[in-house]
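Q:
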Amino acid sequence: MNLHLLPPEIEKAHGDFAGHLEACADLDAVMRLKGAYLGRDGSFAARMIDILKAAPKEQKRELGAAINALKNKWEESLKARQSALEELRRQRAAQAQSWDATLPPPLPPRGALHPLTRLIDRLVGIFRPLGYHVEEGPEAETEAHNFDGLNIPEDHPARGSADTFYFKDHPKMLLRTHTSPVQVRVLKRLAPVIEQKGGVRFLAPGRVYRKDEIDPTHSPMFHQVEGMLVGRGIGMHHLKGTLDYAIKALFGPDAATRFRPSYFPFVEPGCEVDARCPLCGGAGCRVCKGAGWVEILGAGLVHPDVLKFAGIDSDTWSGFAFGMGIERIAMMVSQTPDLRLFFENDQRFLAAMGGLD
Ligand SMILES: [Zn+2]
-11 MNLHLLPPEI
-1 EKAHGDFAGH
9 LEACADLDAV
19 MRLKGAYLGR
29 DGSFAARMID
39 ILKAAPKEQK
49 RELGAAINAL
59 KNKWEESLKA
69 RQSALEELRR
79 QRAAQAQSWD
89 ATLPPPLPPR
99 GALHPLTRLI
109 DRLVGIFRPL
119 GYHVEEGPEA
129 ETEAHNFDGL
139 NIPEDHPARG
149 SADTFYFKDH
159 PKMLLRTHTS
169 PVQVRVLKRL
179 APVIEQKGGV
189 RFLAPGRVYR
199 KDEIDPTHSP
209 MFHQVEGMLV
219 GRGIGMHHLK
229 GTLDYAIKAL
239 FGPDAATRFR
249 PSYFPFVEPG
259 CEVDARCPLC
269 GGAGCRVCKG
279 AGWVEILGAG
289 LVHPDVLKFA
299 GIDSDTWSGF
309 AFGMGIERIA
319 MMVSQTPDLR
329 LFFENDQRFL
339 AAMGGLD
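With my numbering applied, the sequence shown covers -11 to 345.
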């Protein structure tokens, strides 16, 4: 809080506030203190509004922010004290085994969307203005969609039963190991009409499964968001522009991106994309392990074989695709060291997460 713009009397009032609040022995005293600090007339809040009105124009913005921050702080502290006193009263009443009809009833906890769901919704919201819609695919997939259609060779280790959950009675069926099979499904579906549609673009969020032991950074089930765009003359520059826009929308206008060459069978060329660490701004911290950069996603230009498999002419059409791990980004943004917290449904954790938005 920027208190230096406010006169000493307000600074002093703020300094005294905690002591006054602590001294409030009952709810009436809290209400009186609230009147003195935040009331309509004669309060410090009213005084600050007069100061704001009188302030020179160029100071108003910063001053307004400081005043709001101060008022919010007082308001929150008053509320907390009020709740504590109410709780005390409730406990005393319970101890006395008496029934106090004047006590407010305890409110049932209010539900909210899971933090991972909110992060997915936010990503969808970032891409929607660019014309992307949401596609979904089944979690029980065929080998053809999960591997063959994505140009993943027969002997690729990801196909092994050590990494992938196969169905016992259906050896060609598996739990999808990534959201990329949605690419194959959508391309196949839209191949006959791609000319009329002028291309394809979509986002595919969903659950994926891998045979990983559960530990602070691994889970056999996690979430990805896949993105794909196919059009005429699509190149690396379109991919870079799109991802740069998305990462700035996610982490703020100062976020920077870095593209490193990498290999995935379904793209050529392929890359991994880092964002400048949103927590330390690149100086190096625990989250980025001192590197100043964090890996956000894998991406690349759609491999011609992927287009051909879906029945799309790869001489006419080209595109890019990207995929990101949602838990990974959520852990980074919220500085949560343990992935398992997102799945344990401990309401204290979920409430503390607030919004990842
Ligand atoms: Zn960092």
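Even for Gly, the Cβ is constructed at its ideal location relative to N, Cα and C.
Under a three-way DSSP split, which group does Leu344 fall into?
A: Per-residue confidence for Leu344 stands at a pLDDT of 47, beneath the threshold of 50, marking its modelled position as unreliable; the derived number appears in the next sentence. Leu344: coil per DSSP, three-state reduction.
Q: For Leu289, list the residues DSSP reports as bridge partners.
A: Bridge partners of Leu289: Phe308.
Q: Ignore the nearest five residues each way along the sequence and tell me which others in His225's own chain have a CB closer than 6 Å to its CB.
A: Counting only Cβ-Cβ distances below 6 Å, and skipping sequence neighbours, we find nothing.
Q: At a cut-off of 7 Å, is Leu138 close to ligand 1 when judged by its beta-carbon and the heavy atoms of the ligand?
A: It does not: the Cβ of Leu138 is nowhere closer than 7 Å to a heavy atom of ligand 1.
Q: Measuring from the CB of Leu21, is there a heavy atom of ligand 1 at a distance below 7 Å?
A: No - ligand 1 has no heavy atom lying nearer than 7 Å to the Cβ of Leu21.
Q: Tell me whether Leu(-6) is buried or exposed, calling it buried when 16 or more other Cβ atoms sit within 10 Å of its Cβ.
A: Under this definition Leu(-6) is a buried residue.
Q: Which same chain residues, not among the five before or five after Pro117, have their C-beta less than 6 Å away from its C-beta?
A: None.
Q: For Arg189, count neighbouring C-beta atoms within 10 Å of its own C-beta (all shown protein chains included) and say buried if the count is 16 or more, exposed if not.
A: Buried: at least 16 other Cβ atoms inside 10 Å.
Q: Can you find a heavy atom of ligand 1 that lies under 7 Å from the Cβ of Val275?
A: Yes, the Cβ of Val275 comes within 7 Å of a heavy atom of ligand 1.
Q: Quick check on DSSP: helix, strand or coil for Arg78?
A: Reduced to three states, the DSSP call for Arg78 is helix.
Q: Tell me Gly313's beta-bridge partners as DSSP assigns them.
A: For Gly313, which the question treats as bridged, DSSP gives the partners Gln212.
Q: Can you name, in chain order, every residue of its own chain whose Cβ lies under 8 Å from the Cβ of Gly311, other than the five neighbours on each side?
A: If we look at Gly311 and ignore the five residues flanking it on each side, its Cβ neighbours are His166, Thr167, Ser168, Gln212, Val213, Glu214, Gly215, Leu285, Gly286, Ala287.
Q: Name the residue from Ala13, Leu15, Ala43, Ala33 whose alpha carbon lies nearest to the alpha carbon of Ala1.
A: Answer by Cα proximity: Ala33.
Q: Hey, how far is the Cα of Ala53 from the Cα of Ala339?
A: Taking the straight line joining both Cα atoms gives about 26 Å.
Q: Mind reading off the beta-carbon distance from Ala298 to Lys176? Whole number of angstroms is fine, and I expect it under 8 Å.
A: Yes, they are in contact, since the Cβ atoms of Ala298 and Lys176 sit about 5 Å apart, within 8 Å.
Q: Are Asp326 and Pro204 closer than 8 Å when you measure CB to CB?
A: Yes. Within cutoff.
Q: Leaving aside the five residues before and after Glu283 along the sequence, list all residues of the same chain whose C-beta is less than 7 Å from its C-beta, in chain order.
A: Contacts found: Glu260, Asp262.
Q: Pick helix, strand or coil for Val275, following the three-state DSSP scheme.
A: Here Val275 sits in coil by DSSP.
Q: Which runs of the beta strand (DSSP E) at least 3 residues long sit entirely within the region 104 to 172? Give them in chain order.
A: If we require 3 residues or more, the beta strand (DSSP E) runs fully inside the region 104 to 172 come out as 128 to 130, 161 to 163.
Q: Should Leu295 and Val255 be called a contact, given that it needs their Cβ atoms to be closer than 8 Å?
A: In this structure, Val255 does not lie closer than 8 Å to Leu295 by Cβ.
Q: Only counting the same chain, and skipping five residues up and downstream in sequence, which positions put a Cβ closer than 8 Å to that of Ala146?
A: Closer than 8 Å at Cβ, skipping near neighbours: Phe135, Ile140, Thr152, Thr165.
Q: Between the region 229 to 239 and the region 181 to 200, do three or more beta carbon pairs fall short of 8 Å?
A: The region 229 to 239 is not in contact with the region 181 to 200.
Q: Can the beta-carbon of Arg220 be found closer than 8 Å to that of Trp305?
A: Taking 8 Å as the Cβ cut-off, Arg220 and Trp305 qualify as a contacting pair.
Q: Can you find a heavy atom of ligand 1 that lies under 7 Å from the Cβ of Leu238?
A: Incorrect: Leu238 has no Cβ contact closer than 7 Å to ligand 1.
Q: In chain order, which alpha helix (DSSP H) runs of at least 4 residues are fully inside the region 20 to 74?
A: The region 20 to 74 contains these whole alpha helix (DSSP H) runs: 32 to 42.
Q: Considering only C-alpha positions, which residue in the set Pro266, Gly307, Asp293 is nearest to Lys228?
A: Here the closest residue by C-alpha is Gly307.
Q: Using three-state DSSP, classify Ile(-2) as helix, strand or coil.
A: Correct three-state label for Ile(-2): helix.
Q: Restricting to Cα atoms, I'd like to know which of Leu111, Phe331, Lys48, Arg336 is closest to Ile317.
A: Cα-wise, what sits closest to Ile317 is Leu111.
Q: Could you check if Gly272 belongs to the surroundings of ligand 1, using beta carbon to heavy atom distance under 7 Å?
A: Within the cutoff, so yes.
Q: Just to check, is the beta-carbon of Gly113 closer than 7 Å to a non-hydrogen atom of ligand 1?
A: No; taking the cut-off as 7 Å, the Cβ of Gly113 has no heavy atom of ligand 1 nearer than that.
Q: Looking at Ala128 and Ala163, is the spacing between their C-beta atoms short of 8 Å?
A: The residue you asked about is not Ala; residue 163 is Leu in the sequence shown. Yes, the Cβ-Cβ distance between Leu163 and Ala128 is below 8 Å.
Q: Can you tell me whether DSSP reads Asp262 as helix, strand or coil?
A: Note: Asp262 maps to strand in three-state DSSP.
Q: Candidates Gln47, Arg28, Ser71: which alpha carbon is nearest Leu95's?
A: Looking at the Cα atoms, Ser71 is the closest of the given residues.
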